[in-house]
Each structure stands twice: as structure tokens, then as C-alpha cells.
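Per the working numbering, the very first residue in the sequence shown carries number 2; after that it's consecutive. Every residue, glycine too, gets a C-beta built ideally from N, C-alpha and C. Let me begin by presenting the structure, written as C-alpha cells, before commenting on it.
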Amino acid sequence: YTLSLHDALPIFYLGAAAALAPNDHEILHARAGLHDMRGEEAEARQCAAAAAAAYPPCPKPRIALGSLLLKKERFRAALRHFEVAMAAAEAEDGDDAWEARCNGALAVIRLLQRYGTSPTPLAVATLWLQRAIAAAPEDARLLTLQEEAEALRCIEDT
Numbered sequence: 002y003t004l005s006l007h008d009a010l011p012i013f014y015l016g017a018a019a020a021l022a023p024n025d026h027e028i029l030h031a032r033a034g035l036h037d038m039r040g041e042e043a044e045a046r047q048c049a050a051a052a053a054a055a056y057p058p059c060p061k062p063r064i065a066l067g068s069l070l071l072k073k074e075r076f077r078a079a080l081r082h083f084e085v086a087m088a089a090a091e092a093e094d095g096d097d098a099w100e101a102r103c104n105g106a107l108a109v110i111r112l113l114q115r116y117g118t119s120p121t122p123l124a125v126a127t128l129w130l131q132r133a134i135a136a137a138p139e140d141a142r143l144l145t146l147q148e149e150a151e152a153l154r155c156i157e158d159t
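Structure follows, in C-alpha cells:
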């Protein structure tokens, strides 16, 4: 028997794990990811928020919340979560920090493209993006985002 994301078993097993450890942020975060993959947005948001509340220093739930908000094009709210995640992940400077920087820069760029304003300056987002590109110089998505940031910088300079 092969499990698919739409089977009830993964949710059942994570639910059983959560029953044993209801405030375990890793279990809640895993449930959020599975709900998101299944297209269950409200459940994903609820689990990610519970994970963030259960262990605030962990950046993963904040990244998940920000990513869910990005999908809904709620860029300002997403940016707040990515900034909290960056602050939490800064000491380790690993995958979580990289993901928070990439998505934070994306949120700033989308805010500027759509509304012409962002609570975080483009120069800061560009630094986040440069650090992300330094870790993954071949990532075409980041290079495209860098081009978009450069175009916005040119507009700001005029």
C-alpha cells in the first residue's frame, strides 16, 4: 500500500503523535506542512500558528506562516513572519535563515511592485537576497528576483 498526501493516514499518525505531545512544535509544524500540501489552508495556518506559539524561538513555523500568506498575496503580513524567522535563525545562518531571507526579499519586492511602498527598505531586501544568492549562486529563481530588485532600484533612483 502506497500512501498519498490525500490519504487520511498521514494526518491520523501526526494527530496521534500530537495527542501524545500536544505542544510539540515539530509535530505541529509537520502537520501544518501536510495540511498545506493537501490544500487545507485553514488547518495549515492553525497548526503553524500553534507551532509558533509552542516554541517561539523556532523559525520554521514563522516561515510556514509567511509562506501561506505569500500564497494569498498578503505580502506585508508575510514579511512580518519572515523578519521574525530571520531574527530567530540569524545565529545558525543555515537553511531556515536562507529560506526566510529569500521569502522576505520576495515579499518586499512584491510590495514595492504592487503598492510602491514597503515597511522594509529595498536596500535591506537586496542584502537579504545577496546573502541567499551567495549560498545558492545557481538558483535561477533568486537570480530572477535579483533582476526584479535591480529594476526597482533603478525606478527609485529616477
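| Query | Result |
| --- | --- |
| Boundaries of the alpha helix (DSSP H) in which proline 138 is found, first to last residue | No alpha helix (DSSP H) contains proline 138, which DSSP labels as neither H nor E. |
| Serine 68: first and last residue of the uninterrupted alpha helix (DSSP H) it sits in | 60-72 |
| Sequence-distant residues of its chain with Cβ nearer than 8 Å to alanine 9 (five each side left out) | none |
| Residue span of the alpha helix (DSSP H) that contains aspartate 25, given as start and end | Segment: none, aspartate 25 is in no alpha helix (DSSP H) and carries neither H nor E. |
| Euclidean distance between Cα positions of serine 68 and alanine 55 | 19 Å |
| Residue burial classification, aspartate 155 (beta-carbon count within 10 angstroms, cutoff 16) | Per the sequence presented here, residue 155 reads as cysteine, with aspartate not at that position. Cysteine 155 should be labelled exposed. |
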